[in-house]
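Working notes for the structure below.
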Amino acid sequence: MRATIADLHRHLGETVTLSGWVYNTRSSGKVAFVIVRDGTGLCQCVVAKTPVTEALFEEASKLTQESSIRVTGTVTANERQAGGFELGLTGLEVVHRSENYPITPKPHGIEFLMRHRHLHLRSRRQWSILKIRATLIDEIRSFFNRNGFTLIDTPIFSPAAGEGTQTLFTVDYFGEPVYLAQTGQLYVEAGAMAFGKVYCFGPTFRAEKSKTRRHLTEFWMVEPEIAYAELEDVMQVAEDFICSIVERVLRDHRADLEFLGRNLASLEKMSKPFYRLTHAEVADLLRGPKVREFLEQDLATKQARLTVVNQSLAEKEAQLKGPALKKHLHDALVGEVHSLRQESHDLAAEIENIPQHMQLAANFDPHEDLGGSDETIIARMHDRPVFVTHYPRGCKAFYMKVNAEDRTRVNNFDLLAPEGYGEIIGGSQREDDYDTLVERIHEQGMTTDDYEWYLDLRRYGTVPHGGFGLGVERTLAWLCGLEHIREAIPFARLMGKMYPEPRGGDDVGQE
Ligand code: 4AD
Ligand code: MG
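Quick note, the sequence shown lines up with residues 15 to 525 if you use the working numbering.
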């Protein structure tokens with residue numbers, strides 16, 4: 015009977031056939047173990063060497079990594095195995111024998127893995143991350159669908175900028191330059207006036223000239239838009255939305271999050287209300303003693319940790335140079351050395367950056383947007399997400415509503431994810447007054463010619479309204495506890511990089 019690994023619990027005691035690939039093998043000389051993956055999970059298959067099974071045992075022992083195979087066997091329970099089941103092997107068919115699979119079980123540098131992204135997707139870690147991504151996307155759609163929002167698909171070819179002119183990708187549209195969408199927002203605003211509550215969800219493009227762990231040039235964004243809503247109404251939707259995402263991912267992916275080493279306690283703490291700080295309060299915080307003390311403490315903690323890590327690294331490296339070890343002990347030690355090296359390298363880089371972050375915070379200009387390091391600091395000082403509201407109008411998009419009491423500020427928010435992740439949502443109430451909107455378009459050096467249809471929304475039945483955009487990859491990076499956004503999308507596009515690279519290239523080790 016054909017089965018999948020995820021379904022094995024329904025087949026206890028039965029004989030089934032799994033179709034998959036060889037993830038790993040080991041043999042004690044008497045028993046051969048083959049870890050098979052089939053896309054739904056991993057399953058250990060076992061065959062002992064007896065006179066009857068000799069041929070099968072030999073064949074199983076010779077299997078190579080990532081060969082495609084069909085295995086037949088009896089399903090038994092084994093609590094110690096991932097998934098809780100294993101297969102007593104009775105038959106084996108090699109569909110294709112894979113030779114010299116480039117990604118071996120030894121540790122590889124991340125650049126090498128990313129260059130082989132088409133194969134890297136098969137690894138257990140990437141499998142967990144991208145399974146969570148699929149659930150996240152499902153929850154995004156379900157949340158808006160069950161809360162009365164109508165999906166409005168917005169175009170990717172755009173004649174005008176939605177989020178400033180700095181990050182536009184231009185394409186030739188029958189001889190005319192047009193841009194790839196930076197946002198669907200202007201179009202969902204039109205949708206909101208027709209349907210009340212709407213959302214768009216799709217790929218978004220920004221020519222970001224920054225090589226950071228938070229920036230992709232192509233990412234996925236969901237943008238709800240609500241008619242008859244003010245800033246606080248929009249923030250409450252964002253709050254409920256984040257809570258439902260976290261709850262769903264915790265419900266469906268506890269084992270994956272644990273496998274990724276995610277600290278679950280911090281996700282479990284998610285509850286309303288989130289912290290609310292104004293931009294002015296954040297500016298005071300950054301320039302004041304609390305942030306300085308926080309960073310000094312951070313520096314001391316990291317230096318202490320670096321000493322411990324470096325000492326342990328030196329000991330393990332010496333052990334590797336010493337008398338030969340059994341293969342599995344040697345392999346385990348190589349793995350430990352690799353992760354200690356990585357940690358030491360990361361800590362050293364962080365320690366080097368702290369004085370600069372301290373200086374940036376102390377000299378923070380209260381008229382400016384928050385920088386990446388400012389967001390990191392604020393997000394690390396809080397254990398739940400933080401809304402930062404009312405930014406100076408000069409540093410935010412033209413469509414944000416000017417605040418009635420303080421006309422130098424806008425009614426907007428960024429939502430910062432805790433643990434240093436920073437902005438995952440940007441949102442605002444929209445400028446619904448025709449004259450102010452025209453003034454804001456001019457203020458940002460643009461012309462109303464490109465925005466005539468958008469201005470119609472203020473000419474014919476304008477109402478207070480607002481919405482936000484949540485970036486899928488930044489949210490996933492936070493949920494999974496990833497160091498870098500490149501693992502949060504199947505095939506990442508960054509400044510100067512598209513993965514996989516046409517030619518994989520050699521593994522140059524740690525990069
Ligand atoms: O803050 P942003 O630029 O807001 C907008 O685009 C609004 N039009 C949204 C709206 O109000 N409808 O982007 C929203 C989110 C960010 O908070 C971030 O999560 C993500 O999109 N994002 C990026 N993610 C990855 N790489 C980039 N270069 C990103 N730029 C923005
Ligand atoms: Mg933003």
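The C-beta atom is built at its ideal place from N, Cα and C for all residues, glycine as well.
Could you check whether residue j and residue i sit closer than 8 angstroms to each other, using their CB atoms as the reference points?
{"i": "Phe401", "j": "Met235", "result": "no"}
{"i": "Ala204", "j": "Pro478", "result": "no"}
{"i": "Val416", "j": "Ser442", "result": "no"}
{"i": "Asp446", "j": "Arg421", "result": "no"}
{"i": "Arg227", "j": "His498", "result": "yes"}
{"i": "Ala69", "j": "Val45", "result": "no"}
{"i": "Lys223", "j": "Met509", "result": "yes"}
{"i": "Thr29", "j": "Thr104", "result": "yes"}
{"i": "Glu237", "j": "Val202", "result": "yes"}
{"i": "Tyr405", "j": "His293", "result": "yes"}
Where does residue i land, buried or exposed, given buried means 16+ other C-beta within 10 angstroms?
{"i": "Gly523", "result": "Confidence is the limiting factor: at Gly523 the pLDDT is only 46, short of 50, which leaves the residue's position unreliable and the question unanswerable from this model."}
{"i": "Tyr187", "result": "exposed"}
{"i": "Cys57", "result": "buried"}
{"i": "His130", "result": "buried"}
{"i": "Asn426", "result": "buried"}
{"i": "Ala11", "result": "Coverage of the chain is limited to positions 15 through 525, which leaves residue 11 absent and any answer about it impossible."}
{"i": "Asn377", "result": "exposed"}
{"i": "Arg40", "result": "exposed"}
{"i": "Gln199", "result": "buried"}
{"i": "Gln370", "result": "exposed"}
{"i": "Arg111", "result": "exposed"}
{"i": "Tyr37", "result": "buried"}
Put residue i into one of helix, strand or coil per three-state DSSP.
{"i": "Val85", "result": "strand"}
{"i": "Asn324", "result": "helix"}
{"i": "Asn425", "result": "coil"}
{"i": "Ala195", "result": "coil"}
{"i": "Gln95", "result": "coil"}
{"i": "Asp52", "result": "coil"}
{"i": "Arg220", "result": "coil"}
{"i": "Phe505", "result": "coil"}
{"i": "Gln524", "result": "Because the pLDDT of Gln524 is 42, which lies under 50, any placement of that residue in the model is unreliable, and the number read from its coordinates should be weighed accordingly. Looking at Gln524 - three-state DSSP - the assignment turns out to be coil, as it is neither helix nor strand."}
{"i": "Phe401", "result": "strand"}
{"i": "Asp186", "result": "strand"}
{"i": "Leu112", "result": "Reading the sequence as shown, one finds Ser at residue 112 and not Leu. DSSP places Ser112 in coil when its eight states are reduced to three."}
{"i": "Glu244", "result": "coil"}
{"i": "Gln79", "result": "coil"}
{"i": "Gln370", "result": "helix"}
{"i": "Gln180", "result": "coil"}
{"i": "Arg227", "result": "coil"}
{"i": "Arg16", "result": "strand"}
Taking 8 angstroms as the threshold (beta carbon to beta carbon), is residue i in contact with chain D?
{"i": "Glu357", "result": "Absent from the structure: chain D. Only one protein chain is present."}
With three or more C-beta pairs closer than 8 angstroms as the rule, is the stretch 240–255 touching the stretch 479–493?
Yes: at least three Cβ pairs fall under 8 angstroms.
Run through the stretch 323–358 for me and flag every whole beta strand (DSSP E) of 3 or more residues, listed as ranges in chain order.
Whole beta strand (DSSP E) segments, 3+ residues: zero.
Three-pair Cβ contact test at 8 angstroms for the stretch 269–285 versus the stretch 353–363
No: the two stretches stay apart, fewer than three of their Cβ pairs being nearer than 8 angstroms.
State whether the stretch 169–181 contacts the stretch 192–204, with contact taken as three or more CB pairs (one from each stretch) at a distance under 8 angstroms.
Yes, the stretch 169–181 is in contact with the stretch 192–204.
Please determine if the stretch 328–346 and the stretch 302–310 are in contact, where contact requires at least 3 C-beta pairs separated by less than 8 angstroms.
Contact check between the stretch 328–346 and the stretch 302–310: fewer than three CB pairs, one atom from each, fall below 8 angstroms, which does not count as touching.
When the Cβ atoms of the stretch 148–156 are set against those of the stretch 500–518, are three or more pairs found closer than 8 angstroms?
Counting Cβ pairs under 8 angstroms, fewer than three are found: no touch.
Are the stretch 375–391 and the stretch 277–286 touching by the rule of at least three beta carbon pairs closer than 8 angstroms?
In short, these stretches do not touch, since the Cβ pair count stays below three.
Entirely enclosed alpha helix (DSSP H) segments - the stretch 427–499, minimum 4 residues
Taking only runs of at least 4 residues, the alpha helix (DSSP H) segments lying wholly in the stretch 427–499 are 448–457, 466–473 and 486–494.
List in chain order: all unbroken alpha helix (DSSP H) runs of 4+ residues lying wholly within the stretch 282–314.
Taken in chain order, the complete alpha helix (DSSP H) segments of 4 residues or longer contained in the stretch 282–314 are 293–301.
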